[in-house]
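Heads up, the thing below is written out as structure tokens.
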Amino acid sequence: LRFAESIHAPYVAFCGTASSGINDARSIPANLMKECVKAISSLDLLMVFIGNSYPFTVVNDLDRGHSHEELLPPDDPNVLSAIDQVSVPGSLYLLQHASAVIACDSAMLLASWKLRKPTAFLCSRQIWKNLEVDGVVPATGYRFGIHYRENVNILFDEFTPERLLEFVLNIR
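Final position of the sequence shown in the working numbering is 285; the numbers increase by one with none missing.
Pasting the structure below:
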């Protein structure tokens, strides 16, 4: 928790990775990650990357999966990386103290919703379709926070930096 407790400025948490690497449709693509960083940096806000690069992910007994090197934080003065540096409690501490969260479909998304943090949920159209029941995404089960008023849901192919900035500016 020392790393997490050392951050004293307002920040946006970025949780862009989900388990099994670059072929996992749940993770935020590298090009969108870079657009998120550029947008948040334009507000002179700190962005803290939370999660795991999953270097040793085992998808099944035959496939080790792929790590998330593509989502390692860029070299930017407004970016801090907690990737592979904090425990689960440290990650939760960082979420709890964030001003806002940008997350993919992951455990960190669920934790952010549970903490009622303003959260921008970024996902693929495929993931969104998987969440739908009869054309609607109900707020049940793992989808419990999908419609909380403090959150925004953005499909990867509908992402714009302006939409992300509007979300962040509305919670500041």
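Heads up, the beta-carbon is just placed ideally off N, CA and C, and yes, glycines get one too.
Quick caveat, the model's predicted, so the values are computed rather than measured.
Extent of the continuous beta strand (DSSP E) to which Ser-194 belongs: Within the sequence shown, residue 194 is the residue found at index 81, counting from 1. 192 to 194 is the span of the beta strand (DSSP E), which, as asked, contains Ser-194.
Buried or exposed (CB count within 10 angstroms, at least 16 for buried), Asp-218: The sequence position of residue 218 within the sequence shown is 105, counting from 1. Burial call: buried.
Where the beta strand (DSSP E) containing Asn-266 begins and where it ends: Position 153 of the sequence shown holds residue 266. Segment 265 to 268, the beta strand (DSSP E) holding Asn-266.
Whether Ile-120 touches Gly-129 by CB criterion (7 Å): Taking the first residue of the sequence shown as 1, we reach residue 120 at position 7. Taking the first residue of the sequence shown as 1, we reach residue 129 at position 16. The Cβ atoms of Ile-120 and Gly-129 do not sit closer than 7 Å to each other.
Through-space distance from Val-201 to Leu-277, alpha-carbon basis: Here residue 277 refers to the residue found at position 164 of the sequence shown. Here residue 201 refers to the residue found at position 88 of the sequence shown. Here the alpha carbons of Val-201 and Leu-277 stand approximately 26 Å from one another.
Proximity of Thr-232 and Val-250 at Cβ, strictly below 7 Å: The count along the sequence shown starts at 1 and reaches residue 232 at position 119. The count along the sequence shown starts at 1 and reaches residue 250 at position 137. Not closer than 7 Å, so no.
Completely contained alpha helix (DSSP H) runs for the segment 196 to 241, where each covers 4 or more residues: Qualifying alpha helix (DSSP H) stretches, in chain order: 201 to 210 and 220 to 227.
Proximity of Leu-159 and Ala-211 at Cβ, strictly below 7 Å: Residue 159 sits at position 46 when you count from the first residue of the sequence shown. Residue 211 sits at position 98 when you count from the first residue of the sequence shown. Going by C-beta atoms, Leu-159 is not nearer than 7 Å to Ala-211.
Arg-262: CB within 6 Å of a non-hydrogen atom of the ligand ADP: Among the components of this structure there are no ligands whatsoever, and the ligand ADP is therefore not found.
Spatial distance of Glu-263 from Gly-254 (CA atoms): As a position in the sequence shown, residue 263 is number 150, starting the count at 1. As a position in the sequence shown, residue 254 is number 141, starting the count at 1. Their backbone Cα atoms lie some 19 Å apart in a straight line.
Beta strand (DSSP E) segment containing Ala-126, residue limits: Taking the sequence shown and counting its residues from 1, one reaches residue 126 at position 13. Unbroken beta strand (DSSP E) run through Ala-126: 124 to 128.
Sheet register partners of Val-246 (DSSP bridge): As a working note, residue 246 is residue 133 in the sequence shown. According to DSSP, Val-246 bridges with Val-249.
Whole-number beta carbon distance between Val-161 and Ala-195, since they are thought to touch under 8 Å: As a position in the sequence shown, residue 195 is number 82, starting the count at 1. As a position in the sequence shown, residue 161 is number 48, starting the count at 1. Your pair Ala-195 and Val-161 checks out as a contact, with CB atoms roughly 6 Å apart and the cut at 8 Å.
Cα-Cα separation, Lys-230 to Gly-203: Along the sequence shown, one-based indexing puts residue 230 at 117. Along the sequence shown, one-based indexing puts residue 203 at 90. About 16 Å.
Start and end residues, beta strand (DSSP E) containing Leu-159: Position 46 of the sequence shown, counted from the start, is the residue given in the question as residue 159. It spans 159 to 162 - the beta strand (DSSP E) in which Leu-159 sits, taken as one unbroken run.
Cβ-based burial, Val-281 [other Cβ within 10 Å; buried from 16]: For this step, residue 281 is matched to residue 168 along the sequence shown. For Val-281, the number of other beta carbons within 10 angstroms of its own is at least 16, and it is reported as buried.
C-beta contact flag for Ile-163 and Leu-207 at 7 Å: Taking the sequence shown and counting its residues from 1, one reaches residue 163 at position 50. Taking the sequence shown and counting its residues from 1, one reaches residue 207 at position 94. Taking C-beta atoms as the reference points, Ile-163 and Leu-207 count as a pair closer than 7 Å.
Neighbour-count burial assignment, Ala-252, 16 or more Cβ in a 10 Å radius: Taking the first residue of the sequence shown as position 1, residue 252 is located at position 139. So Ala-252 ends up on the exposed side.
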